[in-house]
Amino acid sequence: MSQTSPSDTTATTDGSGFDPFAIQQKWQQRWEEADPFRAGDEGDTRPRKYVLGMFPYPSGDLHMGHAESYAYVDIVARFWRHRGYNVLNPIGWDSFGLPAENAAIQRGADPREWTYANIAQHKKSFREYGSSYDWSRILHTSDPEYYHWNQWLFQQLYERDLAYRKESPVNWCPNDQTVLANEQVVDGHCERCGAEVIKKKLTQWYFKITAYADRLLDDLNQLEGFWPQKVIRMQRNWIGRSVGADIDFEIEGRAEKVTVFSTRPDTLHGATFMVVAPDSDLAAELAAGASAEVRMRFQDYVDSVARESEIDRQNTERPKTGVFLERYAINPVNGERLPIWAADYVLADYGHGAVMAVPAHDQRDLDFARAFDLPITVVVDTTAPITGAIPVIETDDDGEPIMPEDSGPSLADVDPARTGIALTGEGRMIHSGSLDGLSKRTAITRIIEELEAAGTGRAAKSYRLRDWLISRQRFWGTPIPMIHTEDGRIVPVPASELPLRLPDAQGLDLAPRGTSPLGGADHWIQTTDPETGRPARRDPDTMDTFVDSSWYFLRFLTPNDATQAFSPREADRWAPVDAYIGGVEHAILHLLYARFITKVLFDMGLIDFTEPFTSLVNQGMVLLGGSKMSKSKGNLVEFAASMRDPGADVVRVAIAFSGPAEDDINWEDVSTTGAQKFLARAWRVAKDVTSEPDVVWAEGDVALRRVTHRLLADAPGLIEQTKFNVAVARLMELVNATRKVIDSGAGPADPAVREAAEATAMILDLFAPHTAEEMWEMLGYAPFVGLVPWRHPDPTLLVDETVTAVVQIDGKVRATLEVSARIDSAALEAHARADAKVQRALAGREITRAVVRPPKVVSFSTH
């Protein structure tokens with residue numbers, strides 16, 4: 001079924017009196033007056049659960065992608081309240097950043113006015129949606145009361161040498177005119193606007209996340225089974241730890257050595273040239289000493305590389321390009337001169353920006369060597385066995401091994417210079433001095449020992465992860481709380497002057513220009529050196545908004561505290577987050593940064609945990625026309641409009657029922673008509689109940705009671721596994737079963753009908769809270785059903801009175817029997833032998849073997 005249009009259905013009575021919109025308005029007013037979902041204080045002795053949805057950007061109105069995510073958040077929060085927990089479920093807005101600023105610029109609006117107007121609309125939509133938030137804990141990251149503590153956090157990292165400033169090639173978005181972190185570049189394009197990203201050398205602020213690389217990687221083990229495996233895998237790949245050695249190479253004519261990281265130091269004897277990243281400082285320095293012709297070629301090459309993305313540069317299918325720098329390195333193990341080339345397949349920020357090229361055993365190096373006719377030396381014989389004793393191999397006059405005729409392929413057969421295929425497999429070392437005959441693993445250990453003894457190398461690790469670039473050349477963000485003095489020092493803004501507030505946007509040109517608009521705010525940028533009193537300038541850049549979201553879950557604990565970022569005492573009570581819900585698009589960016597900041601705060605002694613989110617749920621995307629709903633794409637169904645017709649509860653049930661939480665949803669396939677009919681049917685069940693609340697349920701229809709109690713028993717597992725669609729389907733079955741009893745037999749007075757109706761209201765609260773509250777009141781109870789403890793199922797009603805047993809003869813099913821669920825083996829076998837169908841199938845044959853597994857299987861063999 002497809003979604004109905006506004007002209008197809010209305011949120012008014014269906015003839016029975018069910019008016020979802022009136023019910024929605026009634027209970028929203030009651031909730032606003034009573035505030036029933038506020039988290040309990042320290043005196044509350046219930047166990048605690050912290051449920052949190054990834055907070056939204058207020059760059060426009062919410063859409064159905066948000067409706068899905070926040071429906072799931074509310075389902076989980078309501079579930080844990082029913083289970084007897086003191087639940088913290090706050091809401092806030094990630095209100096700084098490019099989406100809000102760009103939207104405001106397009107409309108000629110002040111970012112503040114645009115942002116806070118959108119927040120007001122969001123709040124209204126969330127209330128209409130029936131979201132059970134603790135509304136006393138609202139935060140906006142663009143409030144000075146919040147970003148004060150961003151600035152405090154920045155200075156804490158600066159004091160610990162975890163925040164620093166340096167010049168380096170950065171990702172530059174020519175459209176948004178700002179730098180981007182590596183994580184914000186997707187397939188060479190800006191994650192926000194889609195523009196092709198280029199490289200640009202700038203001086204920027206960084207957080208030293210690489211100092212925590214090992215912990216970020218190893219602590220993922222804590223999250224196994226609690227986070228989606230896909231997210232854990234993505235984080236591991238992004239951190240990308242490699243183990244090997246740092247090797248020091250002398251450079252002719254240069255006093256300082258160049259250090260190269262390699263995962264294969266065992267192949268050092270096979271290095272025949274060196275490659276440096278063309279956009280590195282080392283390449284520029286080496287090229288400066290070359291001939292005029294080479295200097296010109298090198299500069300042209302650097303300019304062309306600046307237009308390439310990192311993904312393009314590492315594409316193994318691309319033709320290899322480079323410039324010889326007329327300089328040589330010295331191989332520390334054999335003294336050979338290695339020509340130094342600048343080539344784009346080496347990145348400036350990987351390892352040390354230089355690699356030893358071993359073309360025989362690395363495909364990219366081999367492709368480069370073949371393109372520029374460079375030597376290729378094989379040092380690993382991949383045709384030799386690597387297990388058992390080291391074989392004795394005879395060599396010819398040139399030192400090449402002589403292989404037996406029946407030994408398989410020879411080195412000549414797999415020679416990389418001829419085949420163009422690098423030898424990357426296991427084997428025995430050759431042409432490597434003291435390493436000859438060793439396996440790869442043993443050779444790596446041996447060469448590292450020799451390098452360390454000679455003082456020319458050491459064991460080391462390298463990471464794909466890069467330090468977090470946080471500078472942004474935009475207005476709408478947290479000002480970086482640092483001061484640049486006349487004599488070149490950089491000092492923190494005094495703590496007493498925090499928060500360093502953004503100036504008024506009036507009079508500033510906020511359009512992206514490549515430099516921060518704050519630099520043009522003379523009245524703001526000019527300040528004094530706190531140490532000397534002399535004139536100084538504030539830092540003109542603002543922080544990446546991922547700083548805002550890296551710790552916001554802690555600010556929710558004490559959002560109005562003006563004395564500290566958060567209360568360690570409250571963090572001890574509530575944190576870490578028990579259930580974190582949001583899109584998988586944040587699998588690397590936000591989650592990695594939040595994990596990093598959590599570990600820093602742990603090291604500061606402010607919290608006692610090292611991972612911020614104990615459990616993670618990633619919902620799928622909501623698609624429209626085959627694409628993810630997005631403001632930038634303009635393919636939206638607005639959240640607010642969807643709740644006017646056919647109503648919030650209908651939307652919530654339709655979304656929950658549309659499929660597994662982790663799967664994508666095609667909005668065109670979501671049935672609001674079916675959801676509306678189901679809710680009307682459930683409402684009529686409560687309306688038809690005529691028994692009193694104190695009726696004895698045990699006297700009611702047993703079959704209906706079984707359906708009720710099975711759902712009470714099964715629903716918790718379904719919710720905890722995020723099988724919301726299955727839970728809704730089971731609830732529909734209960735409503736249908738209840739309707740049948742109402743329409744026949746004892747009818748609406750049957751105690752089992754009341755029991756089923758009450759269970760329906762309680763469970764329906766997770767999905768359609770307005771309708772559930774109305775049903776609860778109709779059933780004679782005081783508000784609020786959202787706070788009612790979960791009903792315990794009766795174990796005796798969970799056991800089937802009868803089950804279907806299958807009888808097989810020689811592997812084929814010949815009969816089925818309805819038997820007692822508690823039947824024993826002897827009785828089940830006797831029942832099967834006596835069955836007429838079994839007798840006919842046997843046709844007088846003797847049963848030679850009987851296997852009986854009560855109460856469901858009997859297997860007879862006749863041969």
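Numbering (full-length UniProt numbering), first residue to last: 1 to 863. All residues carry an ideal CB built from backbone N, CA and C; glycine is no exception. Predicted, not measured: the structure shown is a model, and the values here were computed from it.
(request) Round the Cβ separation of Asp529 and Thr563 to the nearest angstrom and send it over; I've been treating them as touching at under 8 Å. (result) Here residue 529 is taken as the residue at index 529 of the sequence shown, counted from 1. Here residue 563 is taken as the residue at index 563 of the sequence shown, counted from 1. Rounded, the Cβ-Cβ distance is 28 Å, inconsistent with contact.
(request) Count the other C-beta atoms from every protein chain shown that fall within 10 angstroms of the C-beta of Gly244, then say buried if there are 16 or more, exposed otherwise. (result) Reading the sequence shown from its first residue, position 244 is the one you call residue 244. The residue is buried, with at least 16 neighbouring Cβ atoms inside 10 Å.
(message) Can you tell me whether Leu787 is buried or exposed? The criterion is at least 16 other CB atoms within 10 Å of its CB, across all chains shown.
(response) Counting from 1 along the sequence shown, the entry for residue 787 is found at position 787. When all chains shown are included, Leu787 counts as exposed.
(message) Measuring alpha carbon to alpha carbon, tell me which residue in Ile430, Leu828 and Gln106 is nearest Pro854.
(response) By one-based count along the sequence shown, residue 854 stands at place 854. Of the listed residues, the one whose Cα sits closest to Pro854 is Leu828.
(request) State the beta-bridge partners of Phe273 as determined by DSSP. (result) Residue numbering aside, residue 273 sits at position 273 when the sequence shown is read from its first letter. Per DSSP, Ala357.
(message) Mapping the DSSP letters down to three states, classify Pro248 as helix, strand or coil.
(response) One-based indexing of the sequence shown puts residue 248 at position 248. Residue identity check: residue 248 is Asp in the sequence provided, not Pro. The answer is strand: DSSP assigns Asp248 an E or B state.
(request) Measure from the alpha carbon of Glu638 to the alpha carbon of each residue in Tyr552, Gln121, Glu159 and Trp172, then state which is nearest. (result) Along the sequence shown, read from residue 1 onward, the residue named residue 638 stands at position 638. The residue with the shortest Cα to Cα distance from Glu638 is Gln121.
(request) Determine, using beta carbons only, whether Val380 and Leu423 come nearer to each other than 8 Å. (result) Within the sequence shown, the letter at position 380 stands for residue 380. Within the sequence shown, the letter at position 423 stands for residue 423. Closer than 8 Å, so yes.
(request) Mind listing, in chain order, the continuous alpha helix (DSSP H) runs of no fewer than 4 residues lying wholly within the stretch 45 to 107? (result) 64 to 82 and 98 to 106
(request) Just the C-alpha distance for Arg364 and Pro339, rounded to the nearest angstrom, thanks. (result) Start at 1 with the first residue of the sequence shown, and residue 364 comes out as number 364. Start at 1 with the first residue of the sequence shown, and residue 339 comes out as number 339. Taking the straight line from one Cα to the other gives about 17 Å.
(request) Compare the C-alpha of Ser439 against each of Leu52, Pro265 and Asn175 and name the closest. (result) One-based indexing of the sequence shown puts residue 439 at position 439. Per the Cα distances, Pro265.
(request) Mind checking which residues open and close the beta strand (DSSP E) that includes Met482? (result) For the purposes of this step, residue 482 is taken as the residue at position 482 of the sequence shown. Per DSSP, Met482 belongs to the beta strand (DSSP E) from Met482 to Thr485.
(message) Tell me which residue opens and which closes the beta strand (DSSP E) that Ala329 is part of.
(response) Along the sequence shown, one-based indexing puts residue 329 at 329. First-last of the beta strand (DSSP E) with Ala329: Gly322 to Ile330.
(message) According to DSSP, simplified to helix, strand and coil, what is Pro660?
(response) Counting from one through the sequence shown, the residue named residue 660 turns up at place 660. Coil at Pro660, not helix or strand.
(message) Check for me: the alpha helix (DSSP H) holding Leu502 runs from which residue to which?
(response) As a working note, residue 502 is residue 502 in the sequence shown. No alpha helix (DSSP H) contains Leu502, which DSSP labels as neither H nor E.
(request) Give me the Cα-Cα distance between Ala656 and Met64, rounded to the nearest whole angstrom. (result) Here residue 656 corresponds to residue number 656 of the sequence shown, with the count starting at 1. Here residue 64 corresponds to residue number 64 of the sequence shown, with the count starting at 1. Their backbone Cα atoms lie some 12 Å apart in a straight line.
(request) Along the beta strand (DSSP E) that carries Thr796, what are the first and last residues, could you check? (result) Position 796 of the sequence shown holds residue 796. It is not in any beta strand (DSSP E) - Thr796 carries neither H nor E in the DSSP assignment.
(request) May I have the straight-line CA-CA distance separating Pro47 from Ala703, to the nearest angstrom? (result) Here the question's residue 47 lines up with position 47 in the sequence shown. Here the question's residue 703 lines up with position 703 in the sequence shown. Going by the C-alpha atoms only, they are around 35 Å apart.
(request) Starting from the Cα of Ala292, find the closest Cα among Ser280, Met54, Phe324 and Val276 and give me that residue. (result) As a working mapping, residue 292 is identified with position 292 in the sequence shown. The candidate whose alpha carbon is nearest that of Ala292 is Phe324.
(request) Work out the CA separation of Phe154 and Met1 for me, nearest whole Å. (result) As a working mapping, residue 1 is identified with position 1 in the sequence shown. As a working mapping, residue 154 is identified with position 154 in the sequence shown. Low confidence applies to Met1: its pLDDT is 34, below 50, so where it sits in the model is not reliable, and the reading given next is rough at best. The straight-line gap from Cα to Cα measures roughly 52 Å.
(message) Please tell me whether residue 891 and Gln151 are closer than 8 Å, where the distance is taken between their beta carbons.
(response) The requested residue 891 is not part of the displayed model; the chain covers only 1 to 863.
(request) Would you mind sorting Phe860 into buried or exposed? The rule is 16 or more other CB atoms within 10 Å of its CB. (result) Here residue 860 refers to the residue found at position 860 when the sequence shown is read from its first residue. Its Cβ being crowded by 16 or more others within 10 Å, Phe860 is buried.
(message) Out of Asp649, Trp683, Val696 and Val685, which one is the CA nearest neighbour of residue 866?
(response) Given that the chain is displayed from residue 1 to residue 863, the structure contains no residue 866 and the question cannot be resolved.
(request) Go ahead and label Val851 buried or exposed: buried means 16 or more other beta carbons lie within 10 angstroms of its beta carbon, across all protein chains shown. (result) In the sequence shown, the residue the question calls residue 851 occupies position 851. The residue is exposed, with fewer than 16 neighbouring Cβ atoms inside 10 Å.
(message) On a Cα-Cα basis, can you pick out the residue from Arg165, Trp93 and Ser309 that is closest to Phe556?
(response) Counting from 1 along the sequence shown, the entry for residue 556 is found at position 556. If we check each option's Cα against that of Phe556, Trp93 comes out closest.
(request) Under 7 Å Cβ to Cβ from His831, same chain only, skipping five residues before and after it: list those, please. (result) Taking the sequence shown and counting its residues from 1, one reaches residue 831 at position 831. The answer, listed in chain order, is Leu817 and Val819.
(message) Tell me the residue span of the beta strand (DSSP E) that contains Arg853.
(response) Sequence index remark: in the sequence shown, residue 853 carries index 853 (1-based). Run containing Arg853: Arg849 to Arg853, per the beta strand (DSSP E) assignment.
(message) Suppose you measure from the CA of Thr10 to the CA of Pro646; what does that come to, to the nearest Å?
(response) Walking along the sequence shown from the start, residue 10 turns up at place 10. Walking along the sequence shown from the start, residue 646 turns up at place 646. Note that Thr10 has pLDDT 39, beneath the 50 cutoff, so the model's placement of it is unreliable and the number below is only indicative. Between Thr10 and Pro646, the C-alpha separation is close to 6 Å.
(message) Quick check on the DSSP output: the alpha helix (DSSP H) that includes Phe368 runs from which residue to which?
(response) The sequence position of residue 368 within the sequence shown is 368, counting from 1. Looking at the DSSP string, the run of the alpha helix (DSSP H) that includes Phe368 is Gln363 to Ala371.
(message) Looking only at its chain, what residues have a beta carbon closer than 7 Å to the beta carbon of Gly40, apart from the 5 residues adjacent to it on each side?
(response) Along the sequence shown, one-based indexing puts residue 40 at 40. For Gly40, where only same-chain residues beyond five positions count, the Cβ hits under 7 Å are Arg46 and Asn86.
(request) Could you check what DSSP says for Val670 in three-state terms: helix, strand or coil? (result) In the sequence shown, the residue the question calls residue 670 occupies position 670. Looking at Val670 - three-state DSSP - the assignment turns out to be coil, as it is neither helix nor strand.
(message) Short of 7 Å in beta carbon distance, which residues of its chain neighbour Arg38, apart from the five on each side in sequence? Order them along the chain.
(response) Start at 1 with the first residue of the sequence shown, and residue 38 comes out as number 38. Same-chain partners within the cutoff: Asp134 and Ser136.
(request) In the DSSP assignment, find the unbroken beta strand (DSSP E) run with Ser462 in it and report its ends. (result) To locate residue 462, count along the sequence shown from 1; it is residue 462. Per DSSP, Ser462 belongs to the beta strand (DSSP E) from Gly457 to Tyr463.
(message) Quick check on the burial criterion: 16 or more other C-beta atoms within 10 angstroms. Buried or exposed for Phe226?
(response) In the sequence shown, residue 226 corresponds to position 226, counting from 1. Phe226 comes out exposed.
(request) Report buried or exposed for Glu755, applying the criterion of at least 16 other Cβ atoms within 10 angstroms of its Cβ. (result) Sequence index remark: in the sequence shown, residue 755 carries index 755 (1-based). By the neighbour-count rule (16 or more Cβ atoms within 10 Å), Glu755 is buried.
(message) So for Asp303, helix, strand or coil by DSSP?
(response) For the purposes of this step, residue 303 is identified with residue 303 of the sequence shown, where counting begins at 1. Three-state result, Asp303: helix.
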